[in-house]
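Everything on this sheet refers to the single structure shown next.
In our numbering, the protein residues as written are 4 to 84.
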């Protein structure tokens, strides 16, 4: 079990909650991609603005999960065959 945890008072943790709770009105496959992009922006903002390390780790973990979900929505296609 991790010994670190982000402070709920951290503004980036509050923004993470907002991003995750937003209803994105689009197709399911687009939702995953849009969520990934929003989380990536949040992660970069948090790092750039000096958020606590625990908050950056949580945001990065959630972003990686969203990225994995978004990548499953796009099946690779072979071109030229």
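Just so it is clear, CB atoms sit at the ideal spot from N, CA and C, and this is done for glycine as well.
The structure displayed is predicted, hence computed values, not measured ones.
Q. Is there contact between the segment 29-37 and the segment 6-19, where contact requires at least three CB pairs shorter than 8 Å?
A. no
Q | Where residue 50 falls: helix, strand or coil (DSSP) | A | helix
Q. If you compare alpha carbons, which of 35, 66, 33 and 37 is closest to residue 47?
A. 66
Q: Just mark residue 61 as buried or exposed, buried being the case when its beta carbon has 16 or more other beta carbons within 10 Å.
A: buried
(Q) Within 10 Å of its beta-carbon, does residue 45 have 16 or more other beta-carbons around it, so buried, or fewer, so exposed? (A) buried
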